[in-house]
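Here is the structure we will look at, set down as structure tokens.
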Amino acid sequence: MTMTDHKPPAGAQPLEPRIPDPSAKWQKRWNDMALFKAPEFPQGRKYFVMPMLPYPSGDIHMGHFRNYSMTDAIARKRMMEGYDVLHPLGWDAFGLPAEQAAISRNLHPEEWTLGNIAQSKATLQKVGISFDWSREVASCLPDYYKWTQWMFLQLYKHGLAYRKESEVNWCGTCNTVLANEQAAGGVCWRCGNAVGRKTLTQWFFKITEYAARLLDDIDHLDNWPDNVRTLQRNWIGRSTGAEVEFRLPDGTKIPVFTTRPDTIYGVTFMAIAPDAPLLASLAIPDARRAAVDAFVTRTRGKLAVERMADEEKEGVDTGIVVINPVSGEQVPLWVASYVLSGYGTGCLMGVPAHDQRDFEFARKYGLPIRQVIRSANEATSESGMTVATEDYGTMINSGPFNDQVGQAGVDAVIAHLEKNCIGRAQIQYRLRDWLVSRQRYWGAPIPMIHCDGCGIVPVPESDLPVLLPKGHIDFLPKGRSPLADIPEYINVKCPKCNRPAQRDPDTMDTFLCSSWYFLRYIDPKNDQAPFDKKKAAAWLPIDYYMGGVEHATGHLIYFRFFTKFLKDIGWLTVDEPARILFNHGMVMDSTGQVMSKSKGNVVSPIDMMRLHGVDPTRVAMFFSSPGDKEVLWSETGVVGAERFIHRVDQFVRSAKAAIGGKFDPDARFDTAKLSAAERDIYRKLHQTILKVDRDFEVMQLNTHLSAVMELSGALGSGENLRPELRAVCAATMVKLLAPLTPHMSEEWWEILGFGPTIFRAKWPSVDEAALPTDSVTIAVQFNGKVRGQLTVPADADEKAVVAAVQSDAKLAAHLAGKSVVKTIHVPGRLLNIVVK
RNA sequence: GCGAAAGUGGCGGAAUUGGCAGACGCGCUGGACUUAGGAUCCAGUGGGGCAACCCAUGGGGGUUCAAAUCCCCCCUUUCGCACCA
1 MTMTDHKPPA GAQPLEPRIP DPSAKWQKRW NDMALFKAPE FPQGRKYFVM PMLPYPSGDI
61 HMGHFRNYSM TDAIARKRMM EGYDVLHPLG WDAFGLPAEQ AAISRNLHPE EWTLGNIAQS
121 KATLQKVGIS FDWSREVASC LPDYYKWTQW MFLQLYKHGL AYRKESEVNW CGTCNTVLAN
181 EQAAGGVCWR CGNAVGRKTL TQWFFKITEY AARLLDDIDH LDNWPDNVRT LQRNWIGRST
241 GAEVEFRLPD GTKIPVFTTR PDTIYGVTFM AIAPDAPLLA SLAIPDARRA AVDAFVTRTR
301 GKLAVERMAD EEKEGVDTGI VVINPVSGEQ VPLWVASYVL SGYGTGCLMG VPAHDQRDFE
361 FARKYGLPIR QVIRSANEAT SESGMTVATE DYGTMINSGP FNDQVGQAGV DAVIAHLEKN
421 CIGRAQIQYR LRDWLVSRQR YWGAPIPMIH CDGCGIVPVP ESDLPVLLPK GHIDFLPKGR
481 SPLADIPEYI NVKCPKCNRP AQRDPDTMDT FLCSSWYFLR YIDPKNDQAP FDKKKAAAWL
541 PIDYYMGGVE HATGHLIYFR FFTKFLKDIG WLTVDEPARI LFNHGMVMDS TGQVMSKSKG
601 NVVSPIDMMR LHGVDPTRVA MFFSSPGDKE VLWSETGVVG AERFIHRVDQ FVRSAKAAIG
661 GKFDPDARFD TAKLSAAERD IYRKLHQTIL KVDRDFEVMQ LNTHLSAVME LSGALGSGEN
721 LRPELRAVCA ATMVKLLAPL TPHMSEEWWE ILGFGPTIFR AKWPSVDEAA LPTDSVTIAV
781 QFNGKVRGQL TVPADADEKA VVAAVQSDAK LAAHLAGKSV VKTIHVPGRL LNIVVK
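Under the working numbering, the residue at position 184 of the first sequence is numbered 184, and the numbers go up by one with no gaps.
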């Protein structure tokens, strides 16, 4: 990896920006006046805005620049609106790339990480983002990860952290296990390689205990994008149904989950996952033993992607029979590749007539198919079926349940199960517990000790942090944590019995670090607690959280989970962390490729700034598309931005020259005393304020800018305006631009004679009296086609407008020889005359 | 396969949510001023037609006085989930 080169394109002359860039001057002043330093406690109205915690992979790129420029714009507008603003940034500083860098260039991960942080921070300061740097956090520093460990201990104390042996996602490239969310689609989220499986004993968080609340509370996240809410709902995946206890002839229970208890008479086989723990404990008849073992070995050896790619369902008969507790019938138990060990009980009842997967499996192995549901329009015989019928319908061939319909049938079977103690209504979630241990060095050590005598013993809170050992460490992956090979680290005394014991050698998933960092921003220096409860109560929730959709089913679920947990144990007063979530679009290169270091198409904001200045670059980016859509980055757009800024600059200077001395930038004018031209401008000015407010709040900064451009176009040179109005227009335009062009606006504000900073000036408000117009231009349609325009008094009614049409020769011609069927008048918009 | 979103000039994108499609900008064309232009300013710019007008928001149907917007079918693209019983 190389740090971004800041050299101009080959052959280009070193150029001065077209407009002098005042950014350094203002950055220094802001710093000197501590403009962005948030108070400990908000005094008045508060606004907590933040971007998602970035991983410091090198210097920042255009994507970061766009993202932070958006939170910057929000922070600055809120400052002008009088809020106490908290706008912090920190670093998701643990994680694999640092370790990879350590291996490939013999740098300690910490050195590499802190170097990247320093460089990124320097760049962000140069582009003038309004972060309160006094609250910066880095998750890899002991004063931060001490509290990450503390979080782990709280979860453990409350029974939400546990260890279990299971088959887990294993990335052979990264040499570590992965959480389900990080192995979506069977590939590793970081390196993109196929994920394998491995049986290991690992730490898990019982996020499933919060599944219901995480799902239900999505309904209250009104200001989150719908797609994120849908993604989360699907990811958590609630299914309602029943658990049914099938039994072996010897009485051993084989519980299964089903969403269709009404199909229980249609069960013709049972299927168990090859890796289901239950399978190992079953007595398989000798005759079948070898075949079953061979199948299990073969299936379990496959990578997750290979298994998913298998179109054919495969299986083998175990020779075991299972008794249907409702019908009393005996059916064979198969091991089947399509059964997932992690869902439900890892075992299912096969109902081929009414489940497509079971149907395909039954067809392949010649298992019987029995219809037990009759739905409205299907009457095919079992042998003629080509697909399963999964619709609800009337129960048939179902003994005492015959003729029950749909949900009533489901309920009747569940009632029967419960009455006879052979099952119960149940809800299943697709969400799995969160696997949090990682076999790597560069993460927060898991604060647990394994003692032969006492078992698992948590590190006492007073002993935190458990520090990562420094010095010479072999980072080369061996399939176990590098910490396992450091005796000075691993060997400790048991806190309980004081006898020799071992530390847990693993570190935590970095998603833990980022699950609570927003709380640390609130109280970053606290060495007694992760944060102060009163400060948290005052600042939370986050008012505006900005990040990419890619975190919809990972970080954003974990972070909601932590918030709910901390509320439950009395640390927080909110149970949702963020009020507004905004998904920014990506920055792509001009060919539509995502900018990424590995593709080598990263554009550095530094080059752009040097060439064009900070604010023109911001304008070009904001202008190119709305905030939630991607940007295809091209340098051509910046030309328009420069021209626009230049025009505003001219206007501001000439307006100041015309007025000479002091003026009130928020002055109101009596429209009756203005000339017609002035009244039009004054109206335009206030219409612009209205539009800008509306557009800004939905991050449509492209139309925010276009509104101000229109205003600027309408103003022209401004020579036809009285100096007071001309100056107010200049001041207002400068304010409306301030969130987007902070440095230029400060400069203009100073030119206009104000100070010390525009960000303590009042955001413009709309003068309602300026808005009404006395006449409007409306479209005139005949039979829905626009045939002309007409300027009429603003309050003209339909009759008056029709009369105006009749007296307009060109329009009246369309009426000649026709009869009017009807007219539709939309005041201020159009008149449609239907003629025949 | 399932689910979600989106398809508008040469390009980025507007359109108060059913009311003049193409705002604003880039690019392009012409002009002005210039020793010069990657500067600035002015004008033009969806397609067709001398015109009245006609055609245009992926394609095809429909609802409506009126559709980029609502409904149905199809095509394409992007994203998410991938046997969740």
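Using N, Cα and C, we set each Cβ at its ideal position, and we do this for glycine too.
Whole angstroms is fine: what's the gap from residue i's alpha carbon to residue j's?
| i | j | result |
| --- | --- | --- |
| SER717 | GLY828 | 30 Å |
| LEU221 | GLN232 | 12 Å |
| TRP442 | SER139 | 11 Å |
| SER634 | SER624 | 9 Å |
| ARG503 | GLN202 | 14 Å |
| PRO878 | ASN498 | Past the edges of the chain, shown from 1 to 836, lies residue 878, and the structure says nothing about it. |
| MET608 | LEU711 | 27 Å |
| LEU333 | ARG163 | 30 Å |
| LYS419 | PRO56 | 59 Å |
| LEU15 | HIS612 | Bear in mind that the predicted position of LEU15 carries a pLDDT of just 43, short of 50, making it unreliable; the figure below should be weighed with that in mind. Near 9 Å, if we compare the C-alpha coordinates of HIS612 and LEU15. |
| GLU724 | PRO20 | 28 Å |
| THR199 | GLU165 | 7 Å |
| ILE236 | GLY344 | 14 Å |
| GLU550 | TRP749 | 40 Å |
| VAL321 | MET395 | 25 Å |
| MET403 | ASP411 | Reading off the sequence shown, one finds Asp at residue 403, where the question assumed Met. Taking the straight line from one Cα to the other gives about 13 Å. |
| PRO225 | THR173 | 34 Å |
| TYR47 | TRP30 | 19 Å |
Thinking C-beta only, is residue j closer than 8 Å to residue i?
| i | j | result |
| --- | --- | --- |
| PRO465 | ILE473 | no |
| PHE644 | LEU740 | no |
| LEU831 | VAL801 | yes |
| PRO764 | LEU737 | no |
| MET588 | VAL652 | no |
| MET508 | VAL614 | no |
| PHE41 | HIS87 | no |
| ILE323 | PHE246 | yes |
| ASP84 | CYS513 | no |
| LYS496 | CYS454 | yes |
| GLY423 | GLU243 | yes |
| ILE414 | PRO261 | yes |
| ASP72 | ILE117 | no |
| PRO271 | VAL339 | Before going further, note that residue 271 is Ala rather than Pro in the sequence given. For ALA271 and VAL339, yes; Cβs fall inside 8 Å. |
Using a Cβ-Cβ cut-off of 7 Å (strictly less than) and excluding sequence neighbours within five positions of residue i, which residues of its own chain qualify?
| i | result |
| --- | --- |
| LYS836 | LYS818, SER819 and VAL821 |
| VAL826 | none |
| ALA677 | ASN720 |
Which residues in the same chain as residue i place their Cβ atom closer than 6 Å to its Cβ, once the five residues preceding and following it in sequence are excluded?
| i | result |
| --- | --- |
| SER375 | THR389, ASP391 and GLY393 |
| CYS171 | LEU178, CYS188 and VAL195 |
| GLU314 | SER337 |
| GLY328 | none |
| ARG66 | VAL587 and MET621 |
| THR617 | MET608 and MET609 |
| ILE758 | ALA738, SER745, GLU746 and TRP749 |
| ARG792 | In the sequence as displayed, the identity of residue 792 is Val instead of Arg. Excluding residues within five positions, the ones whose Cβ falls inside 6 Å are VAL801 and ALA804. |
Cβ contact (3+ pairs, closer than 8 Å) linking the segment 538 to 557 and the segment 568 to 586: Touching, yes.
Alpha helix (DSSP H) runs contained entirely in the segment 31 to 87, provided each spans 4 or more residues: With a minimum length of 4 residues, the unbroken runs of alpha helix (DSSP H) contained wholly in the segment 31 to 87 fall at 62 to 80.
contact_flag[the segment 172 to 192, the segment 552 to 563] where n(CB pairs < 8 Å) is 3 or more: Yes: the two stretches touch, three or more of their Cβ pairs being nearer than 8 Å.
The segment 562 to 574 in contact with the segment 528 to 537 per 3-pair CB rule at 8 Å: As far as the Cβ criterion goes, the segment 562 to 574 touches the segment 528 to 537, which means the pair count is three or higher.
3-residue-minimum beta strand (DSSP E) runs that sit fully inside the segment 226 to 264, ordered along the chain: The segment 226 to 264 is shown to contain whole beta strand (DSSP E) runs of 3 or more residues at 238 to 247 and 253 to 258, in chain order.
Stretch pair the segment 411 to 431 + the segment 242 to 261: three plus CB contacts closer than 8 Å: With a cut-off of 8 Å on Cβ pairs, the segment 411 to 431 is in contact with the segment 242 to 261, counting three or more such pairs.
Minimum length 3: unbroken beta strand (DSSP E) runs contained in the segment 476 to 507: Uninterrupted beta strand (DSSP E) stretches at least 3 residues long and entirely within the segment 476 to 507 occur at 491 to 493 and 500 to 503, given in chain order.
The segment 259 to 271 contacting the segment 366 to 375, beta-carbon criterion three pairs below 8 Å: Enough Cβ pairs lie closer than 8 Å, so yes.
Start-end ranges of the beta strand (DSSP E) lying completely within the segment 771 to 834, minimum 3 residues: Taking only runs of at least 3 residues, the beta strand (DSSP E) segments lying wholly in the segment 771 to 834 are 775 to 782, 785 to 793 and 820 to 826.
The segment 519 to 532 in contact with the segment 139 to 156 per 3-pair CB rule at 8 Å: Yes, they touch.
Stretch-stretch touch, CB-based, cutoff 8 Å, three pairs: the segment 750 to 760 with the segment 692 to 711: Fewer than three beta-carbon pairs drawn from the segment 750 to 760 and the segment 692 to 711 are found closer than 8 Å, and the two stretches are therefore not classed as touching.
Every unbroken beta strand (DSSP E) inside the segment 82 to 156 [3 residues or more]: You should have 84 to 86.
Any 3 or more C-beta pairs closer than 8 Å across the segment 764 to 783 and the segment 108 to 123: Segments in contact, no.
Length at least 3, wholly inside the segment 153 to 219: the beta strand (DSSP E) runs in chain order: Here the runs fully enclosed are 161 to 171, 176 to 178 and 196 to 205.
Alpha helix (DSSP H) runs contained entirely in the segment 262 to 336, provided each spans 4 or more residues: Counting only runs of 4 or more, we get 277 to 280, 286 to 300 and 304 to 309.
Length at least 4, wholly inside the segment 355 to 422: the alpha helix (DSSP H) runs in chain order: Correct list: 356 to 365 and 406 to 419.
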